[in-house]
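> Residue numbers (this note's numbering): 57 to 191.
Every residue, glycine too, gets a C-beta built ideally from N, C-alpha and C.
Bear in mind the structure is a predicted one, so any value in this text is a computation, not a measurement.
Pasting a structure below so you can have a look.
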């Protein structure tokens, strides 16, 4: 998993899906009715998640050509990331999407976003689900 990577001063255009996606993994949990161990849970002690990613100074536009649930930045089971000073416009959904609150410590600031949610209009430039496992 990526650690301490910087994505800096790029122009990304005509991307069909999410542009920058950070997906991690947490320790699986077992349910009484299942023999299969799942790949989601609340235990992140294995450290197999992206952390310390710096996304700064990028210009991203015309995304979501095929995937209508896409964002310029998507984060799930990842933490301690920095999304700062980017420009994003012309996308189908939120510019920034946090799928869950895993680990915390991610910062978002001074991003300029407009003309988002063109396919749905159901929220604003940033969407945070804050999904947590219910045990």
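First and last residue of the beta strand (DSSP E) that includes residue 156?
Stepping through the chain shown from its first residue, residue 156 is reached at position 100. Element bounds for residue 156: 152–156.
> Let's see if you can read the secondary structure: which residues bound the beta strand (DSSP E) around residue 117?
Numbered from 1 along the chain shown, position 61 holds the residue referred to as residue 117. That run of the beta strand (DSSP E) goes 115–119.
> Alpha carbon to alpha carbon, what distance is there between residue 76 and residue 173?
The residue labelled residue 173 in the question sits at position 117 within the chain shown. The residue labelled residue 76 in the question sits at position 20 within the chain shown. Residue 173 and residue 76: Cα-Cα distance of roughly 17 Å.
> Going along the chain, which residues of its own chain have a beta-carbon closer than 8 Å to the beta-carbon of residue 163, five neighbours each way excluded?
As a first step, residue 163 must be located in the chain shown, where it is residue number 107. So the list reads 137, 138, 139, 140, once near-sequence residues are dropped.
> Which term fits residue 151, buried or exposed, when burial requires 16 or more other beta carbons within 10 angstroms of its beta carbon?
What you label residue 151 is simply residue 95 of the chain shown in a count that begins at 1. Counting Cβ neighbours within 10 Å, residue 151 comes out buried, since at least 16 surround it.
> Identify whether residue 191 lies in helix, strand or coil by the three-state DSSP scheme.
One-based indexing of the chain shown puts residue 191 at position 135. Bear in mind that a pLDDT of 49 at residue 191, under 50, signals an unreliable position, so the number given afterwards is only what the model happens to contain. Residue 191: coil per DSSP, three-state reduction.
> Note down, in chain order, each residue of its chain lying with its Cβ closer than 6 Å to the Cβ of residue 177, except the 5 sequence neighbours on either side.
The residue you call residue 177 lines up with position 121 of the chain shown. So the list is empty, once near-sequence residues are dropped.
> How would you call residue 78, buried or exposed, if buried means at least 16 neighbouring beta carbons within 10 angstroms?
Start at 1 with the first residue of the chain shown, and residue 78 comes out as number 22. Residue 78 is buried by the Cβ-count criterion.
> Quick check on the burial criterion: 16 or more other C-beta atoms within 10 angstroms. Buried or exposed for residue 62?
Position 6 of the chain shown, counted from the start, is the residue given in the question as residue 62. The residue is exposed, with fewer than 16 neighbouring Cβ atoms inside 10 Å.
> Near residue 165, what residues of its chain come up, given a Cβ to Cβ distance below 6 Å and the 5 sequence neighbours on each side ignored?
If you number the chain shown from 1, residue 165 lands on position 109. Excluding residues within five positions, the ones whose Cβ falls inside 6 Å are 140.
> To the nearest angstrom, how far is it from the Cα of residue 58 to the Cα of residue 132?
Residue numbering aside, residue 58 sits at position 2 when the chain shown is read from its first letter. Residue numbering aside, residue 132 sits at position 76 when the chain shown is read from its first letter. When rounded, the distance between both Cα atoms is 13 Å.
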